[in-house]
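Its first residue numbered 1, the sequence shown is counted upward by one per residue in full-length UniProt numbering.
Even glycine gets a Cβ: it sits at the ideal position worked out from N, Cα and C.
Beneath this line is the structure, given in structure tokens, with notes to follow.
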Amino acid sequence: MVQTFVGQFYLQGSQSRTLPTEILLDFTLPEKDLLAASLSEVAGRKIHIQSKPRGDRARYLKLARTNAATALTSKLSQQSTIHQRLAELAKVLQMDNITRMECFDISHTMGEQTVASCVVFDENGPLRSEYRRYNITGITPGDDYAAMAQVLRRRYGKALEEKKIPDVIFIDGGKGQLGMAREVFDALDVTWDKSKPRLIGIAKGADRKAGLETLFFVPEGEGISLPADSPALHVIQHIRDDSHNHAITGHRQKRAKVKNTSALELIEGVGPKRRQTLLKFMGGLQPLMNASVEEIAKVPGISQALAEKIYNALKH
């Protein structure tokens, strides 16, 4: 099993991983020479695999083992904590268990560049590979209800695998947002069980301090507040904060892209064709923004004077 792991670790995705010149192991690896030959062929140079080294290499290996043990202990502790918190949340929600949760948030500036985020937690915590952002279009600027309705329809108005159906969906908002979310779900025309997810609204306190959240299970009434030391509240705060941060990051990136793209469009002498050439030659907007005058002047059709104009426009 160990040999399989070592081989898979270096051979799978080897194009994106730099293969080392030497691999140190604190155990004897069967068919070591065969694996070394395979890795050498992939790398295009000689790679050595050394079992049970001595001297400095032995000390490096011991340190690596210690670090791995520490990381494993920390990971197991974190998993234990999230398991406990999810168990407490299941009690609060009167559910048997919770294996998947999703949370949504909306971010914009004065209604512009609206972005919705969806973050996913499973029984082991954040499932970041499944985090998503959605650009919201075609709504009245600043209409958070319409933005949330759009992202929910896009997320759930399609076929879903059974394992992808969340047990709980958190909506960052109060009774109004929860009521709108229920209307969206009632109108969904899907084959999967749309009654499975538990829809919950999270309303922040007046001063938006952690611990003052109110949970709404129905779009009317007063809602409930959990004690500040409640493990169930802590997992809710975790997924809500992740969703909030994911939305803000996406919004800021979109706002910066729009701002800088607009700046490029306003430069005299840079029409659509030159913009396309600039972005293609430089590899995108961000590399262009980071480029020097000399680098910009290397783009076909861009003179030194125009390069200086582009540089100054993107820097100010």
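Residue interval of the beta strand (DSSP E) (run including residue i)
i, result
"L199", "198-203"
"D105", "100-109"
"L215", "214-216"
"V190", "Taken as a continuous stretch (DSSP letters only), V190 belongs to no beta strand (DSSP E), as it is neither H nor E."
"I169", "168-172"
DSSP three-state assignment for residue i, whether helix, strand or coil
i, result
"I236", "helix"
"V92", "helix"
"Y131", "coil"
"P126", "strand"
"L226", "coil"
"V151", "helix"
"A71", "helix"
"A64", "helix"
"T114", "strand"
"S195", "coil"
Cβ pair residue i, residue j closer than 8 Å
i, j, result
"L152", "A181", "yes"
"A147", "V184", "no"
"I136", "V119", "no"
"R85", "H251", "no"
"R240", "D167", "no"
"F217", "I202", "no"
"D144", "I98", "no"
"Q50", "E22", "yes"
"L19", "V42", "yes"
"S117", "H246", "yes"
"R154", "Y134", "yes"
"L279", "L266", "no"
"V293", "Y311", "yes"
"S230", "E123", "no"
"P141", "L178", "no"
Opening and closing residue of the alpha helix (DSSP H) in which residue i lies
i, result
"V184", "175-187"
Q) In the stretch 6-48, which residue ranges form an unbroken beta strand (DSSP E) of at least 3 residues, counting only runs that do not cross its ends? A) 22-25
Q | Given 8 Å, three or more beta-carbon pairs between the stretch 94-106 and the stretch 189-196 | A | no
Q) Do three or more CB pairs link the stretch 3-12 to the stretch 31-39 at distances below 8 Å? A) In this structure the stretch 3-12 lies against the stretch 31-39, because at least three pairs of beta carbons, one per stretch, are closer than 8 Å.
Q. Which runs of the alpha helix (DSSP H) spanning at least 4 residues fall entirely within the stretch 259-316, listed in chain order?
A. 272-282, 285-290, 293-297, 304-315
Q) Between the stretch 76-83 and the stretch 45-62, do three or more beta carbon pairs fall short of 8 Å? A) no
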